[in-house]
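A.B. asks: Handing you this structure, nothing more for now.
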Amino acid sequence: MIDKKWLLAVLLGLSFGASADTGVQKSPKKFDKELHQEVYSLPAPASLNMEPEVKFGETGRLVAFLLMQSHYSHPKFDDKLSEEAFRQLIKSFDPNRSYFYQSDIDQLKVFEDKFDDALRTGKIELAYTFFEIFENRFRERYEYALKLLEEPMDFSVDESFAYDRTEAEWAKDEKELNEIWRKRVKNDALNLKLAEQSDAEIKEKLTSRYRSAIRRLSQTKSEDVFGYFMNSISSAIDPHTTYYTPRRFENFAINMSLKLQGIGAVLTQEDQFTKIVSVVNKGPAQKSGQIHKNDKIIGVAQGDKGEMVDVIGWRNDDVVDLIRGEAGTVVRLQIIPYTDAGDGMPKVVRIVREEIKLEDQAAKSNTIEVEQDGEKLNLGIIELPSFYSEAAARNKEEGEEVSSTTQDVERLIKELKKESIDGLIIDLRNNGGGSLSEVVDLVGLFIDQGPVVQGQRIGGELRVLKDKTGGTVYDGPLAVMVNGSSASASEIFAGAIQDYGRGIVIGENTFGKGTVQSIADLNRYLRNPELNVGALKLTIEKYYRITGESTQNKGVQPDIMFPSIYDAKKYGESSYDNALAWDTIEPADFSKTGSLKEFMPYLQYRHEKRRESNEEFAFFVDDVERAKTERDNKLVSLNYETRLAKQQENDKLRLQRENIKRKLQGLEPLAELAKEDEEADDSAGEEDKADEPDVLLKEAANILADLIAIKAKPELIASFEEEIKEL
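Going left to right, the sequence shown walks through residues -20 to -1, 1 to 707 as mature numbering (1 follows the signal peptide of the UniProt record, and there is no 0) numbers them.
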């Protein structure tokens, strides 16, 4: 419960005072205009000269109060937090270390221990000092880039560009930063040259892009700078705690309405690029098969004939506005695929905007036939894009037949049983989570009764969520498929099935998000709610498996691992700054329904034997290794012939892969990739795409078939052990 008297004191601007609970110091450290002026004497004054609005001080104090009282980790607002917030603010302005000099960072360090006091007192001028210096450096860089376009570029020189500077040293001086930007501009030009643009077109496009970047920066509002400051504080606590400015909160509400008319993708801004964070299951972006996590959007065009607008350097919310539109209309996106690591040709993807409806997220079933030692097995597949609930279903429009995850899966299982399935696969790949109550009920379809997950809140308050319904809906052979994008509720389900020994988990290590967040509309706490100050999303609980282990950071490790393009340590929860730590609590009281441990060596051996002989799976593994190599190499050649050869090699490989797929489908091979392949139409078919064999799903089915066989004939283990000895 929130102490209303304390909250009132906070909002009236009174001192917090010393408290063992808050960790806030009694006397704020010095922060005055003299210090501000001392630091800002570095560059010439910037043009925006913004100041914080009066309401920002009140908002900051309110956010500090809510974080101290309600955040799971009960953070202390002290020098340690301030130092991390300082690092996060620098990172938010210049993540690729391409604007600030080392001298800028050194002199800004006078603020390193003052973020907590600035928030507490409401005197947040330091954030505007940071932005003013950044704005000045930003303008300097793009003005220099524009000058470089007036000079000829030699693409026959063997040199390379380090496109990822996130861990590089800050530039010492102007000469060093100029060299970095010379190569950056040359790389921009080379990308366009590889796209068969003329020298005149390259100059025109890059001039427009760089001027647009300066113009977009000049549109920064005081509210935006305040948002940077607030999120430097929140991200210093944990990566899922976020302050939403009023405009961002409005966009968040639209995204959560499940009635968004667009492409079904979550976007973020990274340096001057708009990056895909995730795609909605069954949304237009995913259906295209051409848009993936970490791809960069560099252009947007309306309709089939609209001009492609270069959006590099645009604000993220402006790009979102450009992509949104009426359902049924066409938007074309020019993207740089992440797998190309900046090396490949940008491609254009044609997408028909859709309304993202609840029914698109509903569970769907199918069957797959697998041959096991001459015997054909019929396996059921249930694809589950999210854990949706009846509460969400109440928002459905007339004609949408959506109930809840558990109800739908139970219905699908009963339908599959009528088809005499020999086993069942629950496919949770790319399932980012959803309703907690639904995952508890869903596990209950496969176990008699018992605990499913444990939750711990601030202060150590523990709760155990149980399935209390006796009996099962399905007690046959079971497999659960997961990947690096399976998170939250998906991890709870996979972990529970694994802990009970109820089924086998197959795929990639899961994402590792073991926390839950709550949204607080800050306007509800204000004396004047018309101020409109945004919202705060904060972490309030941590989940634990029934074994007592957290899913946080580590995720769920499958029993049988598939190769993954994404390294969990680089792209999962553990890759985030200040992610809450993995830990354990006491296990819940539960009884296993069985054990599959003795079968694992046999299943692993059979899987590896198939990998050696399965050409399609071998290509998949090779693609994974190539992608990893590309991503580990943070340099890109600036030699035209070298880049062209690399591009041609990639095209040759794509053709080879495409013809393997066509062969498996009984289709004639292609002599070359069609020109239209560079502009992929989502209508090319959802049906064609659905018919393509999913090599990972097929292998998961083979593994489940192996499990069915060995459970029916345990003597296979003895012969397997003899075979291993001979090897």
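Glycine is no exception: its CB is placed at the ideal position from the N, C-alpha and C atoms.
1) Considering Cα atoms alone, identify which of Leu502, Leu560, Glu529, Gly514 is closest to Pro520.
2) Let me confirm a value: Arg504 is counted as buried when at least 16 other C-beta atoms fall within 10 Å, else exposed. Which label applies?
3) Below 8 Å, can you find three or more Cβ-Cβ pairs linking the region 275 to 287 to the region 173 to 183?
4) How about Glu64 and Ala216: are their beta carbons less than 7 Å apart?
5) What first and last residue would you give for the beta strand (DSSP E) that runs through Met461?
6) Starting from the Cα of Val205, find the closest Cα among Ala98, Tyr108, Val300, Gln177 and give me that residue.
7) Between the C-alpha atoms of Ser617 and Glu230, what's the straight-line distance to the nearest angstrom?
8) Just to confirm, is the Cβ distance from Glu33 to Ser202 under 7 Å?
9) Suppose you measure from the CA of Glu648 to the CA of Glu595; what does that come to, to the nearest Å?
10) Specify, as a first and last residue, the run of the alpha helix (DSSP H) that Ser202 falls within.
11) Suppose the cutoff is 8 Å on Cβ atoms and the five residues either side in sequence are ignored; what does the same chain contact list for Phe597 look like?
12) In the DSSP output, what is Met541 paired with across the bridge?
13) Which same chain residues end up closer than 6 Å to Leu302 when comparing Cβ atoms and leaving out the 5 residues on each side of it in sequence?
14) Between Leu170 and Arg623, which are expected to be in contact by the criterion C-beta below 8 Å, what is the C-beta distance as a whole number of angstroms?
15) Mind checking whether the beta-carbon of Gly242 lies closer than 6 Å to any heavy atom of the ligand GDP?
16) Can you tell me the Cβ-Cβ gap for Ala474 and Val433, rounded? I've got them flagged as a contact below 8 Å.
17) In the DSSP assignment, the beta strand (DSSP E) including residue 709 goes from what residue to what residue?
18) My output table needs one value for Val260: the three-state DSSP class, helix, strand or coil.
19) In chain order, what residues of the same chain lie with their CB nearer than 8 Å to the CB of Tyr620, ignoring the 5 residues before and after it?
20) Would Leu516 and Ala500 qualify as a contact pair, given that the criterion is a beta-carbon distance under 7 Å?
21) Can you tell me the Cα-Cα spacing of Gln341 and Asn410, whole angstroms?
22) With distances taken Cα to Cα, identify the nearest neighbour of Ile565 among Glu529, Tyr582, Gly574, Glu578.
23) Can you tell which of Asp479, Arg637, Gln645 has its C-alpha closest to the C-alpha of Glu652?
24) Below 8 Å on the Cβ atoms is my contact criterion, and I expect Leu408 with Val460 to pass it. Report the Cβ-Cβ distance as a whole number of Å.
25) Quick one: using the 10 Å Cβ neighbour count with 16 as the cut-off for buried, is Lys285 buried or exposed?
26) Whether or not the region 570 to 584 and the region 537 to 545 are in contact is what I'm after, with contact meaning three or more pairs of Cβ atoms, one per stretch, closer than 8 Å; do they touch?
27) In the DSSP assignment, find the beta strand (DSSP E) that holds Ile140 and state where it starts and stops.
28) Does the beta-carbon of Thr490 have 16 or more other beta-carbons within 10 angstroms, so that it is buried, or is it exposed?
29) What residues in its chain sit with their C-beta under 6 Å from that of Leu445, if we drop five residues either side in the sequence?
30) I'd like to check one pair, Asn346 with Asp402: are the Cβ atoms closer than 7 Å?
31) Among Thr495, Gly354, Lys394, which has the Cα closest to the Cα of Asn533?
32) Could you compute how far the alpha carbon of Ser554 sits from the alpha carbon of Thr609?
C.D. replies: To lay it out plainly:
1) Residue identity check: residue 520 is Ile in the sequence provided, not Pro. Minimum Cα distance to Ile520 is reached at Leu560.
2) Answer is exposed; the Cβ neighbour count stays below 16.
3) For the pair of segments examined, the region 275 to 287 was found not to touch the region 173 to 183: the number of CB pairs separated by less than 8 Å stays below three.
4) Contact flag set, yes.
5) Note, Met461: beta strand (DSSP E), 458 to 462.
6) When only C-alpha atoms are compared, the closest one is Tyr108.
7) Each residue's Cα considered, the two are about 42 Å apart.
8) In contact: Glu33 and Ser202 (Cβ atoms closer than 7 Å).
9) In this model, Glu648 and Glu595 are separated by some 18 Å (Cα to Cα).
10) Residues 202 to 217.
11) Within the same chain, Phe597 has close Cβ partners Arg590, Arg591, Val675, Glu679.
12) Its beta-bridge partners are Gly487.
13) These residues qualify, in order along the chain: Val280.
14) Indeed, because the Cβ distance is near 6 Å, the residues count as touching under 8 Å.
15) The ligand GDP is not part of this structure, which contains no ligands at all.
16) A Cβ-Cβ distance of about 11 Å is found for the pair Ala474 and Val433, leaving them out of contact under the 8 Å criterion.
17) Because residue 709 is not part of the residues shown, which for the chain are -20 to 707, the question remains open.
18) Residue state, collapsed to three classes: coil.
19) Here the set comprises Phe135, Ser136, Leu170, Lys173, Leu174.
20) Inclusion of Leu516 and Ala500 in the CB contact set at 7 Å is warranted, their separation being smaller than that value.
21) A direct Cα-Cα distance of roughly 12 Å separates Gln341 from Asn410.
22) Taking only the C-alpha atoms, the option nearest Ile565 is Glu529.
23) The option with the nearest alpha carbon to Glu652 is Arg637.
24) Contact between Leu408 and Val460 holds: CB atoms are separated by about 6 Å, below the 8 Å threshold.
25) Exposed: under 16 other Cβ atoms inside 10 Å.
26) Cβ pair count under 8 Å is three or more, so yes.
27) Note on identity: in this sequence residue 140 is Ser, with Ile being the wrong assignment. Under the DSSP assignment, Ser140 falls in the beta strand (DSSP E) whose first and last residues are 140 to 142.
28) By the neighbour-count definition (other C-beta atoms within 10 Å, threshold 16), Thr490 is a buried residue.
29) Val420, Val432, Val433.
30) Contact flag unset, no.
31) Sorting Thr495, Gly354, Lys394 by C-alpha distance to the C-alpha of Asn533 places Thr495 at the top.
32) Going from the Cα of Ser554 to the Cα of Thr609 covers about 21 Å.
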